[in-house]
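Quick look at the structure:
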């Protein structure tokens, strides 16, 4: 699945959107983990 807005999940924080270019889940996860190493995306 590709989309331009992914939900970032971090321990101890409310989920928040990560908005950017259209990307697949693996790309979104890599982008999120470059900033937040323990992030998950949905």
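Residue numbers (the numbering used here): 3 to 44. Ideal Cβ placement from N, Cα and C applies to all residues, glycine included.
Residue i - partner residues in DSSP beta bridges
| i | result |
| --- | --- |
| residue 26 | 4 |
Option nearest residue i by Cα separation, candidates the options
| i | options | result |
| --- | --- | --- |
| residue 41 | 5, 4, 16 and 22 | 16 |
| residue 39 | 26, 13 and 27 | 13 |
Pair within 9 Å by beta-carbon distance, residue i and residue j
| i | j | result |
| --- | --- | --- |
| residue 19 | residue 9 | yes |
| residue 4 | residue 21 | no |
| residue 35 | residue 11 | no |
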